[in-house]
Every structure is written in C-alpha cells, then in structure tokens.
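Visitor: The letter at position 53 of the sequence shown is residue 375 when you use the numbering used here, and the numbering goes up by one with no holes. By construction, the Cβ of each residue, glycine as well, lies at the ideal position given by its N, Cα and C atoms. Right, I'll just put the structure down here and ask away after.
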Amino acid sequence: MINLKKDIIRLLIFIIFFGINFFLPINSYGSITIGSIAEKQQNFQHYYFLGNYYLKNKDIKKAIFYYNDSYILAKKFKNKQFKLLSLKSLFWIYFKEKKINKEFYYCKAIIKNSSNNKLQLADRFYYMQAGFIYGNYFHNYNKSIFYYKKAVLLYKSVHNFYVIGRIYYFLGEDYLNLKDFYYARKYTLKSIHINSRQNSHALITGFGFESLGLTYLYNNNKYFCILYYKKAYKIFKKDKFYSGMKEIKSLLIRLNKLKS
C-alpha cells in the first residue's frame, strides 16, 4: 500500500508539473554536422538538441551523453539557459526511470543554478520535488518541510492554490512522521479545505482523511479516527482505489472490535 501510494503521488506530481504548461523542447535534429573542436566548444546547444533527438527516439544512453556534454559546455561558456535546460532534461529522464539518487542530484542542481531573483514557474516545482524526495525516500522530514515551505511561498506568489493544496498534504504527512500532531492536523486540514474548494483530484483528499484518521489513532481518539477513515474509504471507493479500500476496511474492523 505504501509503495503504491508513493507511485500514485509521483504520478500526481508528474501531472502537476505538466499541468502548468512547461514542456521540454523536443526537436527532431536527425543529423547535425559539427566541425572543428573550437566549433564544438561554442555550439553546446547542438549537443542539447542531439540529446532531445535521441530522447525522442528512446535512445536514453545517447540522450544522457549529449545532455551531459551540453551541460558541461554551457557551464564553461556561462550560458545559463542551456545549462538549466540540460539539467532539467537529465532530471526528467531519471524521474521517469525512478532512479531516486540521480533524480535528487539533478533536482538540487537545478535549484542551485536557478535565479534567486526571478524564479520561473517550472523552477518552483523542483523545491516541491526536493521536499518529496527528502521525506518519502530519505526520511529526513525536517529537510523535507524546509523545501515544501519554500515551495509554498513560491507558489503563493503566483496564486497557484492547486499545487499548494497538495504541498499542504505532504507537509501534514511529514509532521505526522515527526509525531507533531498539532501541525500534522493543521496542514492536512488546510489541504482538504483547498482541494475541496478547487474541486481537484479526490485521491489527495482521501489520503488527507486517512492521515487525519491516523493522527487521531495516535492520540487514542477512536471516534474521530473511525470518522475520518470512513470518509477516506468513501473517496477511495468512488475513485476505485481498491488497495486503499482494503486497508481502510481492515483498520475499521480492528477498531470496531477494540471499541466494543
């Protein structure tokens, strides 16, 4: 259930990113003739476009090779645009392949190389993703909270509450893992409120009710625990999230036995 939940949330993150109209520029450069060594050093964009070409044709090894060369040369000639484009292309390759350590490396590199003064909308995404990796894979919840809160500030600057509602859910999960029940409840309720108001993806709301149920379980309040688990079950049933339904049903049976 936990691994499936991670996969679902990663898919939602993927949808979030492409839902804000940011696309990797994929161009078909079937054949590029690069001349002298001096020309190669100055035409780093050709390496980037070659990376796009091989990525489009599903030759991942060659795509990585050319994106790396593009990044190295762009860095050498201080071209920030192609340096970031190359890093983002490498990030998305490893994101899709679920190679978490490399995904994380490029995520942090993008944050480091982004402008501190005027972040693009896409750059805000990487703060959220750094928080997600810190929390869900490295279990460093304090670091995760730091990056999530940074992401919230950046998304608030463009009034993107669709994403903020999801980040609040992730913050609630981190505080729950730290056994800080006050903030766990606070951010989870914020998430549920925003997601309901935005009429956005119901599963995140279902996960939120499940988290609230767990919060009250930790505090030995079985009444509210059962109440929120039932709300989660209702949403999971509507969305046909069968593994979630199965787990909630099992928990409710155990809780009802304890109650009686």
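Report yes if the C-beta distance between residue 413 and residue 428 is below 7 Å; otherwise report no.
Guide: In the sequence shown, residue 413 corresponds to position 91, counting from 1. In the sequence shown, residue 428 corresponds to position 106, counting from 1. Cβ distance < 7 Å, so residue 413 and residue 428 count as in contact.
Visitor: Evaluate residue 403 with the Cβ neighbour count: other Cβ atoms within 10 Å of its Cβ, from every protein chain shown; 16 or more gives buried, anything less gives exposed.
Guide: For the purposes of this step, residue 403 is identified with residue 81 of the sequence shown, where counting begins at 1. It counts as exposed.
Visitor: By the DSSP assignment, the alpha helix (DSSP H) with residue 561 in it spans what residues?
Guide: Residue 561 sits at position 239 when you count from the first residue of the sequence shown. Here residue 561 belongs to no alpha helix (DSSP H), and DSSP marks it neither H nor E.
Visitor: Whose C-alpha, out of 455, 407, 503 and 435, is nearest the C-alpha of residue 539?
Guide: The sequence position of residue 539 within the sequence shown is 217, counting from 1. The option with the nearest alpha carbon to residue 539 is 503.
Visitor: Tell me the rounded alpha-carbon separation between residue 564 and residue 558.
Guide: Stepping through the sequence shown from its first residue, residue 564 is reached at position 242. Stepping through the sequence shown from its first residue, residue 558 is reached at position 236. About 7 Å.
Visitor: For residue 576, collect the residues of the same chain with a Cβ closer than 7 Å to its Cβ; drop the 5 residues on either side in sequence, then sort them by chain order.
Guide: In the sequence shown, counting from the first residue as 1, residue 576 sits at position 254. If we look at residue 576 and ignore the five residues flanking it on each side, it has no Cβ neighbours.
Visitor: Assuming residue 469 and residue 452 are in contact, meaning their beta carbons sit under 8 Å apart, how far apart are those beta carbons, in whole angstroms?
Guide: On the sequence shown, residue 469 is found 147 positions in, with the first residue counted as 1. On the sequence shown, residue 452 is found 130 positions in, with the first residue counted as 1. Between residue 452 and residue 469 the Cβ distance is about 4 Å, and since that is below 8 Å, they are a contact.
Visitor: I need the boundaries of the alpha helix (DSSP H) containing residue 466, first residue and last residue.
Guide: Mapped onto the sequence shown, residue 466 falls at position 144. Its alpha helix (DSSP H) spans residues 463-478.
Visitor: Please report how far the alpha carbon of residue 433 lies from the alpha carbon of residue 449, in whole angstroms.
Guide: Counting from one through the sequence shown, the residue named residue 433 turns up at place 111. Counting from one through the sequence shown, the residue named residue 449 turns up at place 127. Straight-line Cα distance between these residues: approximately 7 Å.
Visitor: Find the nearest neighbour of residue 490 within the set 454, 479 and 461, judged by alpha-carbon distance.
Guide: One-based indexing of the sequence shown puts residue 490 at position 168. When only C-alpha atoms are compared, the closest one is 454.
Visitor: Short check: CB of residue 483 to CB of residue 516, under 7 Å?
Guide: For the purposes of this step, residue 483 is identified with residue 161 of the sequence shown, where counting begins at 1. For the purposes of this step, residue 516 is identified with residue 194 of the sequence shown, where counting begins at 1. In this structure, residue 516 lies closer than 7 Å to residue 483 by Cβ.
Visitor: Distance, Cα to Cα, residue 495 vs residue 477?
Guide: Counting from 1 along the sequence shown, the entry for residue 495 is found at position 173. Counting from 1 along the sequence shown, the entry for residue 477 is found at position 155. Rounded to the nearest angstrom, the two C-alpha atoms are 19 Å apart.
Visitor: Residue 515 by DSSP, collapsed to three states: which one?
Guide: Working through the sequence shown from its first residue, we reach residue 515 at position 193. Of the three classes helix, strand and coil, the one that applies to residue 515 here is helix, per DSSP.
Visitor: In three-state DSSP terms, what is residue 459?
Guide: As a first step, residue 459 must be located in the sequence shown, where it is residue number 137. Residue 459 falls in the coil class under three-state DSSP.
Visitor: Between the C-alpha atoms of residue 486 and residue 415, what's the straight-line distance to the nearest angstrom?
Guide: Looking up residue 486 in the sequence shown gives position 164. Looking up residue 415 in the sequence shown gives position 93. Their Cα atoms are separated by approximately 25 Å.
Visitor: Assuming residue 434 is part of the alpha helix (DSSP H), what are its boundary residues?
Guide: Here residue 434 refers to the residue found at position 112 when the sequence shown is read from its first residue. First-last of the alpha helix (DSSP H) with residue 434: 422-435.
Visitor: Starting from residue 391, trace the alpha helix (DSSP H) in both directions and tell me its first and last residue.
Guide: Taking the first residue of the sequence shown as position 1, residue 391 is located at position 69. Residue 391 -> alpha helix (DSSP H) spans 382-398.
Visitor: Can the beta-carbon of residue 535 be found closer than 7 Å to that of residue 545?
Guide: Against the sequence shown, residue 535 aligns to sequence position 213. Against the sequence shown, residue 545 aligns to sequence position 223. Going by C-beta atoms, residue 535 is not nearer than 7 Å to residue 545.
Visitor: Taking only the alpha-carbon atoms, compute the straight-line gap between residue 384 and residue 424 and give it to the nearest angstrom.
Guide: Counting from one through the sequence shown, the residue named residue 384 turns up at place 62. Counting from one through the sequence shown, the residue named residue 424 turns up at place 102. Answer to the nearest angstrom: the Cα atoms are 17 Å apart.
Visitor: Pull up the distance between the alpha-carbon of residue 422 and that of residue 380, whole angstroms please.
Guide: Numbered from its first residue, the sequence shown carries residue 422 at position 100. Numbered from its first residue, the sequence shown carries residue 380 at position 58. Whole-angstrom Cα-Cα distance: 20 Å.
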